[in-house]
Structure formats: C-alpha cells, structure tokens
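S.K.: There's a structure below that I have some questions on.
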Amino acid sequence: MADLSTIARPYAKAVFELANSENQLNNWSDMLNTLANIAADSDMNRFIASPRVTAAQLAEVMTDVAGSALTDAGSNLVKLLAENDRIAALPDIAARYELLKIDAENSVDVEVTSVEPMSDEHKKALGESLRRKLGRDVRMTYSTDPALLGGALIKAGDLIIDGTIRGRLEKMAGALAD
Numbered sequence: 006m007a008d009l010s011t012i013a014r015p016y017a018k019a020v021f022e023l024a025n026s027e028n029q030l031n032n033w034s035d036m037l038n039t040l041a042n043i044a045a046d047s048d049m050n051r052f053i054a055s056p057r058v059t060a061a062q063l064a065e066v067m068t069d070v071a072g073s074a075l076t077d078a079g080s081n082l083v084k085l086l087a088e089n090d091r092i093a094a095l096p097d098i099a100a101r102y103e104l105l106k107i108d109a110e111n112s113v114d115v116e117v118t119s120v121e122p123m124s125d126e127h128k129k130a131l132g133e134s135l136r137r138k139l140g141r142d143v144r145m146t147y148s149t150d151p152a153l154l155g156g157a158l159i160k161a162g163d164l165i166i167d168g169t170i171r172g173r174l175e176k177m178a179g180a181l182a183d
C-alpha cells in the first residue's frame, strides 16, 4: 500500500475545498479530528485491519462511534474512505487538512515553553513580535519546563527559536568538542 501521507493529500485537499466553499473550516476540523482519534485507537486499528470486516460495517461502526460529531457530509466521507480502504489514513488526512486550514487563515500555531509562567505583558509583546516576524496572525499556547534552565523555546511550524540556557550550553559544548 502507498504511503499514508501520499494517500491523505488528495482527500485532505478535497475536504478542505468543500469546507472552504461552505465556510465550514472549523466544523470540518472538528469532524476530522474526531475521526482521526477514532481511527488511531488501538482497538479500532485491529477492527480496521480485520479481513472479516466489510467496508459497510467499518463505515457504520466509525459513524456510530463518532455519533453527533459528524454531519451527513462527514458520514459520506467515512463511507468513501471505507469503500476505498483508506480509513487508516484519517490521522494523516486530518493533519494535512489542518495545514491547509492554517495557511488559508493566514495564521500559525506557536508553542512557547519557558522555565516559569510568562506574564501577560510578556505574552502580548512576544505575540506582537512573532506576528510581525512571521507576517501572520499567531495562536499561542504556553507551557513550562524547568529543565530549560532559563529563557524560552518557541516553535512555530518548522521554525524553532531556541533562546534557552540549556540550548546555549549545548551549542557551546558542541563548539568546544569540535
């Protein structure tokens, strides 16, 4: 079978185009995340992989488990994926859909990890700075990690800004080892 990320690409794009045309980006995001979580469950994985389960049975179980989280269009997607033996690709479809959605919304999710909780003033200043630097709206989440020793680690998509003391010490150790 082809790589799941390759399989997921056209499905994610089609769902995104449908969701965007109907102004339902967030609803589809919720549905896909629900379906991805169901498909990623270890018990469900065994059910999906069973040669005794028909596509119709698989689609019925998936839609029953998802319940009211699915619209009719979401149920139709599940049936289509089951008929094409693509249910296992749901986590990849959801991930690719989120990337398309973020790009369309001209926003980026940013994770900030610091040693101690940041003040509201620092959060606001950092958010404004990142918005200017990235040229996008930023949605920020914050966490703490005492192992960083000081400073902050910022992740925005593929961009990683390591301003931690631990990171600086590791760079220095690497430079001294050379």
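Numbers given in the working numbering equal positions in the sequence shown, counted from 1, plus 5.
Cβ coordinates follow ideal geometry from the N, Cα and C atoms, glycine included.
Just mark S119 as buried or exposed, buried being the case when its beta carbon has 16 or more other beta carbons within 10 Å.
M.R.: Result: buried.
S.K.: Short check: CB of I170 to CB of L153, under 8 Å?
M.R.: Yes, Cβ-Cβ distance for I170 and L153 is below 8 Å.
S.K.: Check whether the Cβ atoms of A61 and A93 sit closer than 8 Å, and answer yes or no.
M.R.: No, they are not a contact pair.
S.K.: Measure the C-alpha to C-alpha separation of E116 and R57 and round it to an integer number of angstroms.
M.R.: When rounded, the distance between both Cα atoms is 43 Å.
S.K.: Of the choices D97, R137, L37, whose alpha-carbon is the least far from that of T68?
M.R.: When each option's Cα is compared against that of T68, the closest is L37.
S.K.: Under 8 Å, do V83 and A100 count as touching if we go by C-beta distance?
M.R.: No.
S.K.: Within the same chain, show all residues whose beta-carbon is closer than 6 Å to that of V70, passing over the 5 residues directly before and after it, in chain order.
M.R.: Cβ within range, chain order: I43.
S.K.: Quick check: the Cα distance between P15 and D183, rounded to an integer number of angstroms?
M.R.: Spanning the two alpha carbons is a distance of roughly 46 Å.
S.K.: L104: which of L30, F52, I12, S26 sits nearest, CA to CA?
M.R.: L104 has its Cα closest to that of L30, out of L30, F52, I12, S26.
S.K.: For G79, count the other beta carbons within 10 Å of its own beta carbon; 16 or more makes it buried, fewer makes it exposed. Which is it?
M.R.: Buried, by the Cβ-count rule.
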